[in-house]
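S.K.: Chains as they are written, first to last, in the numbering used here: chain A, 353 to 623; chain B, 353 to 623; chain C, 71 to 470; chain D, 71 to 470.
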Amino acid sequence: MKTLFKQPLQNKLFIPFITAGDPDGNATIDLAVALQEAGASAIELGIPYSDPVADGPVIQKASSRALKNGMNIVKAMKLVPEMRKKGVNIPIILFTYYNPVLQLEQESFFALLRENTIDGLLIPDIPFEESAELRQKCQEHSISFISLVAPTSSSRIKMIAENAEGFVYCVSSLGVTGVRKNFDNSITSFLDEVKQYSNVPVVVGFGVSSKEQVEELSSICDGVVVGSALVREIERLQTSLLNETTRNKAIDEFREFAKTFGSENESKEYV
Amino acid sequence: MKTLFKQPLQNKLFIPFITAGDPDGNATIDLAVALQEAGASAIELGIPYSDPVADGPVIQKASSRALKNGMNIVKAMKLVPEMRKKGVNIPIILFTYYNPVLQLEQESFFALLRENTIDGLLIPDIPFEESAELRQKCQEHSISFISLVAPTSSSRIKMIAENAEGFVYCVSSLGVTGVRKNFDNSITSFLDEVKQYSNVPVVVGFGVSSKEQVEELSSICDGVVVGSALVREIERLQTSLLNETTRNKAIDEFREFAKTFGSENESKEYV
Amino acid sequence: GRYGEFGGRFVPETLMSPLAEIEQAHKEAMQDPAFLEEYHHLLNEYSGRPTTVTLAGNVTEKLGGAKIYLKREDLNHTGAHKINNAIGQALLAKRMGKTKIIAETGAGQHGVATATVAAKFGMECKVFMGEEDVRRQQLNVFRMQLLGAEVIPVTSGNKTLKDATNEAMRYWVQHCEDHFYIIGSVVGPHPYPYIVREFQRVIGDEAKEQFQKIEGTLPTKVMACVGGGSNAIGMFAAFLKEKVDLVAVEAAGMGVDTDMHAATITKGTKGVLHGSLTYLLQDEFGQITEPYSISAGLDYPGIGPEHAHLASTGRVKYESVTDQEALVALELLAKEEGILAAIESAHALSSAFEHAKQMASHESILICLSGRGDKDVHTLMSHFKEEAKHEDTIQAATTK
Amino acid sequence: GRYGEFGGRFVPETLMSPLAEIEQAHKEAMQDPAFLEEYHHLLNEYSGRPTTVTLAGNVTEKLGGAKIYLKREDLNHTGAHKINNAIGQALLAKRMGKTKIIAETGAGQHGVATATVAAKFGMECKVFMGEEDVRRQQLNVFRMQLLGAEVIPVTSGNKTLKDATNEAMRYWVQHCEDHFYIIGSVVGPHPYPYIVREFQRVIGDEAKEQFQKIEGTLPTKVMACVGGGSNAIGMFAAFLKEKVDLVAVEAAGMGVDTDMHAATITKGTKGVLHGSLTYLLQDEFGQITEPYSISAGLDYPGIGPEHAHLASTGRVKYESVTDQEALVALELLAKEEGILAAIESAHALSSAFEHAKQMASHESILICLSGRGDKDVHTLMSHFKEEAKHEDTIQAATTK
């Protein structure tokens with residue numbers, strides 16, 4: 353089984369999410385570089401989708417912006433080699449709804465993942481039971497198939513956690529992605545249960561929006577995914593990001609913002 | 353039994369209809385005088401009513417005008433003595449829907465008819481079967497109760513015509529009052545049947561609008577009622593009729609118009 | 071043709087024979103099993119009868135008194151009890167060989183029902199409608215046109231229902247030889263009040279049987295709203311001889327002490343309108359006055375002569391309910407039972423809810439829910455908006 | 071949870087357990103006589119079932135072919151078949167102890183049905199509706215509010231049904247612990263397509279029995295319109311194993327050769343939307359495209375997975391009908407039969423009329439008239455006005 357992160361972890365994982373093509377493809381490449389510089393352990397690269405039912409309003413809008421710019425799943429994957437050229441060496445996880453995947457021939461989809469040096473695949477609307485074939489293919493192609501687990505998963509937690517690859521993505525509370533102020537207290541027992549069955553890092557996502565929350569969660573899990581908070585910052589900076597003369601400054605601003613979530617130790621090794 | 357007209361008739365009857373209070377009470381008095389001068393054999397004085405279901409649009413509008421001026425059944429009756437003062441000596445027939453009559457105590461209604469020198473009563477929405485009591489009262493008070501008969505009356509023609517007083521009012525064709533261009537050919541046989549049973553003059557109304565029609569009908573009946581054609585003329589003259597300085601000229605115009613329907617012999621005797 | 075002193079046939083002579091013919095044809099028809107079978111077949115297979123009886127369980131519980139049951143005439147094809155009568159009269163017209171239909175309409179419910187049956191029977195249909203109502207009820211005008219009817223705007227008088235009725239009668243006077251006039255309520259000259267009653271009594275006949283099946287007994291009270299009064303007569307007919315309290319509810323509009331109401335029995339006087347002697351809203355000289363109600367179906371200055379009689383004998387009790395009270399009842403039924411009643415029917419509901427509170431839980435009220443409120447949504451919207459605006463104004467005024 | 075290769079449960083992990091619980095609860099409920107009795111009691115006493123089957127005699131005669139029968143779902147409480155399912159799911163929610171309901175709606179029909187049952191069951195109700203639809207369907211928005219529901223305008227995407235469904239799912243993901251999501255059609259993740267089918271099969275079960283009682287045999291063809299496809303599945307369920315031709319009719323909008331249609335089976339490709347694998351309107355990269363139909367109820371880019379399966383096996387034939395064709399059929403039924411069909415149902419009518427012409431007079435077609443057209447009168451008015459204007463323009467242009 354392939355692992356995304358060297359075990360045991362030296363630092364808590366910081367896994368940022370950005371939408372491919374938001375506000376455009378070039379910006380996405382530079383934002384990925386900035387995230388690595390800010391201490392990202394891996395990057396979730398979101399494929400924009402017309403019907404993102406697992407996403408809150410911030411990421412929905414990012415999707416719309418990217419789709420208007422003509423982004424699609426194939427173009428998005430082709431951004432990754434560009435990131436690599438600019439020095440990004442952390443794992444890149446493709447975050448995509450199932451339907452765009454389904455429209456590609458399975459062989460060509462996996463060929464694209466491989467040739468574009470993509471390390472992981474996360475499909476928020478394909479549950480464990482429907483994923484057997486995809487997980488099999490991922491193993492054949494050395495792609496980590498990331499599973500989500502939710503507080504409502506109850507009896508399913510064991511099944512999902514035991515079979516998890518790369519990391520287990522724990523939904524912090526009921527819900528879709530988005531910025532939240534507080535976490536449910538029951539999260540501790542939920543994470544304990546996941547950790548009990550998981551052989552890979554246990555990461556919390558959906559609603560992580562501040563350094564304080566990251567610190568709060570650090571004591572009970574192996575890392576966090578931060579999405580909406582970063583995407584909102586990109587939304588704020590979109591005009592500057594699209595303008596060549598202001599892009600660098602905007603990237604600097606973004607990097608500084610991202611650092612508030614990142615681990616202090618910026619040098620890591622990746623498998 | 354009281355008769356309205358001296359028998360045998362020396363001329364064909366010309367019975368004009370005007371609405372009391374259209375355009376105001378004073379004008380109504382002067383119009384009545386003019387009608388007698390134009391050769392009227394009797395006058396139907398219409399009581400304005402909110403729901404005149406037997407009238408066409410011309411008389412409906414006259415009703416509305418009169419009601420707006422505050423005319424009512426009692427005021428209308430009180431116009432008759434004023435007409436008499438100005439020389440009107442032909443029979444005056446009160447034309448009223450049933451409901452205004454019903455709202456007066458029966459005794460006071462007949463007292464009003466008598467004291468205001470009214471000669472006849474015509475209620476278009478009370479059929480023969482519902483009129484027994486009123487006809488009885490009319491006889492007691494020497495008021496002619498005028499009955500209508502229609503082409504659809506069929507088996508009822510005999511009953512109505514045999515019991516008619518004053519004159520029989522024959523509806524010229526199916527319908528409500530109003531100006532018509534042509535009469536149904538079947539009118540001749542209809543009038544023949546009425547005449548067969550009637551002991552009083554047989555008069556045609558509803559839709560008589562031109563001298564030519566009067567002449568056409570003269571050969572087959574004893575006279576005509578002319579309503580809408582005259583009321584339309586009053587409508588045309590209303591502004592002049594309401595203005596004291598122009599009233600006389602308007603009355604002259606009206607008299608000339610009315611003469612086109614009147615008999616050439618202007619001197620008659622009335623019972 | 072009389073109900074006590076009320077009713078009769080006060081019409082221009084031209085209509086006397088046609089009315090006698092209709093009376094005769096109806097009498098024969100009602101004794102002809104083939105006619106009755108066709109009538110009931112159409113009621114069942116076309117209009118979806120029998121309509122159900124629904125227990126308003128939540129409202130009953132909330133009010134804590136008598137059990138409240140609803141006879142669901144709102145579930146009829148075209149949305150109200152009007153279709154029962156329209157089907158019956160159209161069949162009668164067909165039997166008499168008439169292929170042209172006329173009708174009057176206020177809000178358009180009877181017009182739509184008549185246009186519907188005219189389409190079904192392949193008859194030509196003219197619907198007279200006050201110009202003011204044409205303007206206010208554009209959707210129903212369009213529905214009638216879509217059904218193939220010609221809608222004739224009436225410009226006389228106040229341009230509402232009374233004037234439309236006048237004009238329909240005038241047209242009929244002129245065209246009675248080949249036209250059949252389908253009157254929409256238990257009003258008009260004899261035999262119309264009787265004919266309409268007989269074509270609406272299916273409501274009460276069904277409801278009585280259904281209620282007995284559910285409760286094993288008769289309801290304590292039976293209630294219905296009255297404008298002309300056809301749904302009420304149709305409902306009451308089956309219970310007149312039973313030991314059941316009958317209550318009819320008129321529209322009090324802005325209140326019976328104002329001149330903005332349609333409470334004919336409560337405030338009217340005897341007179342003749344549209345062919346029959348009954349109670350009317352009129353002035354001292356017999357001029358008919360314009361009624362007012364938020365409900366277009368109750369906004370009529372007369373009432374069926376049988377109601378005048380039932381009021382005078384005391385067999386039926388007549389009450390009145392204001393616009394505001396009716397709206398409160400309508401909202402309560404919507405929120406508690408998920409049923410949107412016609413504003414007409416909401417008058418009966420309002421009064422029934424008051425009765426229910428005073429009654430014991432083993433007692434029951436059966437209400438005729440004469441129609442659905444979909445047609446009233448525009449009226450309700452503007453009313454509730456006005457109310458909200460009014461409340462805002464009050465709030466603004468009191469918080470300064 | 072599959073119909074051949076179609077269906078499944080493609081949802082965020084959060085919903086997997088809630089869906090499993092619903093599946094289990096539904097399974098138990100359908101084996102519980104008390105549950106089934108309450109469901110059928112409500113259908114009969116509250117919604118007025120059984121709905122009748124009406125022979126469209128005039129249309130049959132006019133077309134000169136097969137006999138045309140209509141299953142009258144338009145006579146249901148709230149005016150369409152949607153209430154059958156809403157009652158069933160609300161009972162299921164009650165059984166599961168949920169007191170808060172959510173629903174999505176396009177034109178508002180399912181929203182009104184859901185708001186209705188929520189009122190009846192005393193449940194809190196939130197209806198998600200695209201902001202664009204809120205604007206276009208103000209009357210239905212008001213009806214839902216009057217019934218006590220909260221209508222939540224959805225501003226994402228194109229602000230229509232698809233986006234409302236997305237938002238309802240998002241809300242449910244966040245509140246699934248105490249909320250029950252009443253889906254309005256045979257779409258969504260398993261077990262919804264199955265649950266909705268089972269709560270709608272009463273249409274076909276009734277119609278089959280009624281038709282056999284009338285004609286002594288089965289109909290030659292059974293037809294229905296399909297958007298999501300709940301009325302069609304409900305109608306077909308009883309006939310799937312019979313020797314009866316089944317035809318479903320999709321909305322071709324401006325034509326299937328334009329990009330303005332909603333003909334999912336005719337023109338769609340396989341994909342996953344709203345939790346199940348089915349045919350979709352989408353681009354080559356799997357982005358769902360906006361469908362178009364004059365009928366809001368058929369204006370959906372997906373279709374129930376069971377339909378996808380029935381299409382692939384060939385058991386049901388799928389045809390499509392344009393806006394214009396549907397309107398012609400709607401007008402014909404109104405003028406000939408006095409029945410104003412929903413524009414959705416008019417799609418089935420249009421295709422059925424074409425079939426009828428090609429069939430013998432001893433054959434028959436049974437059509438599901440899924441709803442009444444009152445809700446569409448605004449749309450029809452503006453359409454026919456536009457048409458008249460267009461004709462005027464043509465006339466003006468050609469007479470110069």
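We put the CB at the ideal spot given by N, CA and C, even for glycine.
#1: Does lysine 470/D pass the burial test, meaning 16 or more other C-beta atoms within 10 Å, or should it be called exposed?
#2: Give me the subset of the segment 439-455 of chain C whose CB atoms are less than 9 Å from a CB atom of chain D, sorted by chain position.
#3: Closer than 7 Å, CB to CB, is threonine 287/C near chain B or not?
#4: Got a sec: is the Cβ-Cβ distance from serine 87/C to anything in chain B below 7 Å?
#5: Show which residues of chain A have a CB atom less than 7 Å away from the CB atom of glutamate 354/D.
#6: Work out the CA separation of histidine 493/B and methionine 353/B for me, nearest whole Å.
#7: Return helix, strand or coil for histidine 151/C, following the three-state DSSP convention.
#8: Does the separation of the CB atoms of phenylalanine 366/B and phenylalanine 613/B fall below 7 Å?
#9: Asparagine 600/A: buried (16+ other C-beta within 10 angstroms of its C-beta) or exposed?
#10: So the alpha helix (DSSP H) arginine 487/A belongs to, where does it begin and stop?
#11: If we cut at 7 Å on Cβ distances, does threonine 84/C have a partner in chain B?
#12: Do valine 292/C and phenylalanine 269/C have their CB atoms nearer than 7 Å?
#13: Relative to the alpha-carbon of arginine 436/B, which residue among Pro479/B, Pro452/B, Leu383/B and Ser416/B has its alpha-carbon at the smallest distance?
#14: For chain D, find out if any of its Cβ atoms is closer than 7 Å to the Cβ of leucine 217/C; answer yes or no.
#15: Glycine 118/D and leucine 145/D look like a contact to me (Cβ under 8 Å); what is the Cβ gap, rounded to whole Å?
#16: Does histidine 432/D come out as helix, strand or coil in the three-state DSSP assignment?
#17: Can you name, in chain order, every residue of its own chain whose Cβ lies under 6 Å from the Cβ of valine 556/A, other than the five neighbours on each side?
#18: Starting from the C-beta of isoleucine 265/D, find all residues in its chain whose C-beta is less than 6 Å away, skip the five residues before and the five after it, and write them out in chain order.
#19: Can you check whether the CB of alanine 318/D is closer than 7 Å to the CB of aspartate 369/D?
#20: Could you say which of Ile509/B, Thr540/B, Lys611/B and Gln491/B lies nearest to proline 479/B if we only look at CA atoms?
#21: Using a threshold of 7 Å, state whether the C-beta atoms of glycine 372/D and valine 257/D are closer than that.
#22: Show which residues of chain C have a CB atom less than 8 Å away from the CB atom of asparagine 114/D.
#23: So, alanine 302/C versus lysine 141/C, is the Cβ gap smaller than 7 Å?
#24: May I ask you to report which of helix, strand or coil DSSP gives aspartate 233/D?
#25: If we define contact as Cβ-Cβ less than 7 Å, is isoleucine 253/D a contact residue for chain A?
#26: So for glycine 341/B, helix, strand or coil by DSSP?
#27: Could you say which of Ser452/C, Arg72/C and Asp315/C lies nearest to glutamate 481/B if we only look at CA atoms?
#28: Is the separation between the beta-carbon of leucine 397/A and that of alanine 372/A shorter than 7 Å?
#29: Examine chain C for any beta-carbon lying closer than 7 Å to the beta-carbon of alanine 406/B, and answer yes or no.
#30: Can you list the residues of chain C that proline 452/B reaches, using a CB-CB cut of under 8 Å?
#31: Which residue or residues does DSSP assign as beta-bridge partners of proline 223/C?
#32: Going by C-alpha to C-alpha distance, which of Pro452/A, Glu457/A and Thr597/A sits closest to leucine 343/D?
#33: Spatial neighbours of alanine 185/C within its chain, please: CB distance less than 6 Å, with the 5 preceding and 5 following residues excluded, ordered by chain position.
#34: Look at the alpha carbon of methionine 330/C and the alpha carbon of alanine 321/C, and state the distance between them as a whole number of angstroms.
#35: What are the partner residues of histidine 249/C, as DSSP defines its beta bridges?
#36: Quick one, which of Ser393/B, Ile470/B and Val405/B has its alpha-carbon nearest isoleucine 425/B's?
M.R.: Quick look at the numbers:
#1: Interpretation of lysine 470/D is limited by its pLDDT of 47, a score under 50 that renders its predicted location unreliable; the figure taken from the coordinates is listed afterwards. Result: exposed.
#2: Cβ contacts with chain D come from Arg442, Gly443, Asp444, Lys445, Val447, His448, Leu450, Met451 and Phe454.
#3: no
#4: Any Cβ of chain B closer than 7 Å to the Cβ of serine 87/C would place that residue at the interface, and such an atom is present.
#5: From the beta-carbon of glutamate 354/D, the residues of chain A found nearer than 7 Å are Gln455.
#6: Low confidence applies to methionine 353/B: its pLDDT is 47, below 50, so where it sits in the model is not reliable enough to give any reading.
#7: DSSP places histidine 151/C in coil when its eight states are reduced to three.
#8: Yes; because the gap between Cβ atoms is below 7 Å, this pair is in contact.
#9: exposed
#10: Residues 484-492.
#11: yes
#12: The answer is no: Cβ separation not under 7 Å.
#13: Leu383/B
#14: yes
#15: 6 Å
#16: Histidine 432/D: coil per DSSP, three-state reduction.
#17: Cys522, Ser524, Leu569, Cys573 and Val576
#18: His96
#19: With contacts defined as CB atoms closer than 7 Å, aspartate 369/D and alanine 318/D fail to qualify as a contacting pair.
#20: Ile509/B
#21: yes
#22: Thr122
#23: no
#24: helix
#25: no
#26: Past the boundaries of the shown model lies residue 341/B; chain B is included only from 353 to 623, so the question cannot be answered.
#27: Arg72/C
#28: yes
#29: yes
#30: Phe355, Gly356 and Gln357
#31: The partner list for proline 223/C (beta bridge, DSSP) reads Met199/C.
#32: Pro452/A
#33: Cβ neighbours of alanine 185/C beyond the five flanking positions: Cys195, Met214, Leu217 and Ala219.
#34: 10 Å
#35: Lys170/C
#36: Ile470/B
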